[in-house]
Amino acid sequence: MNLKSSLIWTGSLRAVTRSLLILKTLILARILTPAQFGIFGIASLALGFLETVTETGVNVILIQEKKNISHYINTGWVVSIVRGFLISLIIIGISPLITIFFDSSESLFSLRLISLIPIIRGFINPAVVSYQKNLKFNSEFKFRGSLVFFEVLTTVLFGLVLRSEIAFVLGMIVASLLEVVLSFATISLRPKLEFNFKKLKILMFLGKWITFAKIFDYLFSHGDDIVVGKLLGVYPLGIYQQAYKISTLPITEISETFQKVTFPLYSKMVTQNISVKRIYFKTIITTSLIVIPFGIILYLFPKEIVILLLGKNWLEVIPVLQVLAIFGVIKTIANSSFPLLLAFKRQDLVMALTLIGILGLGFTIYPLVSIYGLVGVGISTIIGSLVMIPPAFYWINRYIND
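Residue numbers for the sequence shown, in the working numbering: 3 to 404.
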C-alpha cells in the first residue's frame, strides 16, 4: 500500500472515529455536568498514567523489527497480561490517595471500576500491530472503527440510562472486551502463554527509551490536567478537558494520521537506505497547510463551535479553546519529527524532546495559572511546545542530510 492509499485509509479511520466521539460528547454534554466530566477525568488520568509508566514499547519495536514478529509475541503477550494485573492492583491500592490529592471523594467508585480495564486490555493479541507494520490500513480501519462505534454506542446508552460519569467507564470496558475478541478472531497469528527471558531482555533493552518517552509525553500532555484538577477542582477540570479536546481534536487527528502512516514508511525506507529527506519535507508542508486553517477557524469562531458541540452551559470553555487552538498547531509542528527519529531508532531523542517540552510547561504553568486561571494553563502548553521546535529541527537536519 502506497503513501496516498495509506493516508486515505488512516485519515478515514480518524475522521470516522472523531466524528463518533464528537457525537458522543455532543449528547453527553447535554446530560452530564462539567463536574461529572471532571470526575471521570480524574479516573482516566490515573489509568493513563499507570499504563504509561509501565509501557514496554513492544508495538514500536515490532514495527521496527526486520524479522517476523512471531519471535516476540508470546513473551510480549505474557508481559502484557502481567502488566494489566499490576496496573489494576495499583489503581485499587492508591485510589483513596488519589481522591485525597484531588479532594474528590466522588471519584472513588470510578477509579475502582476503571481498574478492570487494564486487566482486560492485557489479553489483547499483540499481533494487531501487524496491520500498521505491513501497511494494511484498510484492515485496521475495519478493526478500530468497529471498536470505536461500540464504545460510543454503549457509553451513550449507559449515559442516557444512568445519568452518571460511570457511563464513560462502562463504555471503555465493553470496547476493551470487544478488542480482545476481535484481536484473536481477525488475526491468524496468535500468541501462546510462553515466556522467554532472553527475548524479554531484548524487548526491555530496545523499549527503555520508548518507555521514558511515553512517560514524558504523558506528563507533557496531561500535566496541565493534573495541575487544574489539583489547584482548581473537578468542575474547572471538566471545562478544561473539553476545551482541550475540541481545540486540539481536528488538528492532532490530522497530524497523528500522518505520523501513523509515515512511521512504518520511514522505517522501511531507512532499512533500505533510501533517502527520506524529500518525503519528510513534503509531509510537514502538507500537514501544516491542513492544520493551520483549522487552528484559525477554532480561534475565530469559538462561541459558535462550543454552542454547537457542548451547548450553552459550557460557554466558559471559549477563552481556553482559543488559546489551545494555537497550541494544537504548534504541537503538530513540534511533533512532526517523532516518526522520523523513531525510524532511525533514536527513541532517546524523542524522549529528550518531550523532556524539553515538560520543562517548558513545568516552569511556567504554576505562575501562569495563578495569574490567568485556565487561560494561563493554555499559555503554558504553548510555551512547552515552542521550546521543542529548535532542537527537533536540529536533530532532523542531521539525519536527513547525512
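For glycine and all other residues, C-beta sits at the position ideal for the given N, C-alpha and C.
Here the structure is a predicted model, which is why all the values come from computation and not from measurement.
Residue interval of the alpha helix (DSSP H) (run including residue i)
| i | result |
| --- | --- |
| Asn337 | 320-337 |
| Glu57 | Taken as a continuous stretch (DSSP letters only), Glu57 belongs to no alpha helix (DSSP H), as it is neither H nor E. |
| Phe296 | 279-302 |
| Val352 | 349-374 |
| Gly173 | 168-187 |
| Arg192 | Taken as a continuous stretch (DSSP letters only), Arg192 belongs to no alpha helix (DSSP H), as it is neither H nor E. |
| Phe346 | That residue, Phe346, is in no alpha helix (DSSP H); it is neither H nor E in DSSP. |
| Leu115 | 110-116 |
Exposed unless 16 or more other CB atoms sit within 10 angstroms - verdict on residue i
| i | result |
| --- | --- |
| Ile332 | buried |
| Pro120 | buried |
| Phe160 | buried |
| Phe303 | exposed |
| Tyr396 | exposed |
| Pro295 | exposed |
| Asn403 | exposed |
| Asn337 | buried |
| Leu162 | exposed |
| Ile265 | This sequence places Phe at residue 265; Ile is not what is there. With 16 or more other Cβ atoms within 10 Å, it is buried. |
| Asp219 | buried |
| Thr259 | buried |
| Ile367 | buried |
| Phe51 | buried |
| Glu196 | exposed |
| Phe283 | exposed |
| Ile398 | buried |
| Ala187 | exposed |
| Val80 | buried |
| Lys305 | exposed |
Beta-carbon proximity of residue i to residue j, cut-off 8 Å
| i | j | result |
| --- | --- | --- |
| Gly378 | Asp227 | no |
| Ser339 | Val293 | no |
| Pro193 | Leu376 | no |
| Ser223 | Gly330 | no |
| Val322 | Gly362 | no |
| Ser112 | Ile94 | no |
| Pro393 | Leu355 | yes |
| Glu167 | Leu34 | yes |
| Ile83 | Gly124 | yes |
| Gly313 | Ala31 | yes |
| Gly419 | Gly231 | The structure shown has nothing for residue 419, since the chain only spans 3 to 404. |
| Ile29 | Val150 | no |
| Leu89 | Thr58 | According to the sequence as given, residue 89 is Ile; it is not Leu. Not a contact, by the Cβ cut-off of 8 Å. |
| Arg20 | Leu251 | yes |
| Phe103 | Leu15 | no |
| Ser382 | Leu370 | yes |
| Ala245 | Val319 | yes |
| Leu179 | Ile122 | yes |
| Phe346 | Val272 | yes |
| Thr334 | Thr254 | yes |
Cβ-heavy atom distance, residue i to the ligand MN, below 7 Å
| i | result |
| --- | --- |
| Phe151 | The ligand MN is not among the ligands present in this structure, which contains no ligands whatsoever. |
Reduced DSSP secondary structure (H/G/I, E/B, other) of residue i
| i | result |
| --- | --- |
| Asn198 | coil |
| Asp219 | helix |
| Leu1 | Nothing in the structure corresponds to residue 1, since the chain is present only between 3 and 404. |
| Asp226 | helix |
| Val389 | coil |
| Gln243 | helix |
| Phe467 | Nothing about residue 467 can be reported from this structure: the residues present for the chain run from 3 to 404 only. |
| Lys138 | coil |
| Ser97 | helix |
| Leu234 | coil |
| Lys92 | It should be noted that the sequence gives Ile, not Lys, for residue 92. DSSP places Ile92 in helix when its eight states are reduced to three. |
| Leu312 | coil |
| Phe160 | helix |
| Arg165 | coil |
| Gln261 | helix |
| Phe104 | coil |
| Asn76 | helix |
| Ile307 | helix |
| Ile276 | coil |
| Asn403 | coil |
Closer than 8 Å to chain B by CB, residue i
| i | result |
| --- | --- |
| Thr288 | In the displayed structure, chain B is absent; only one protein chain is listed. |
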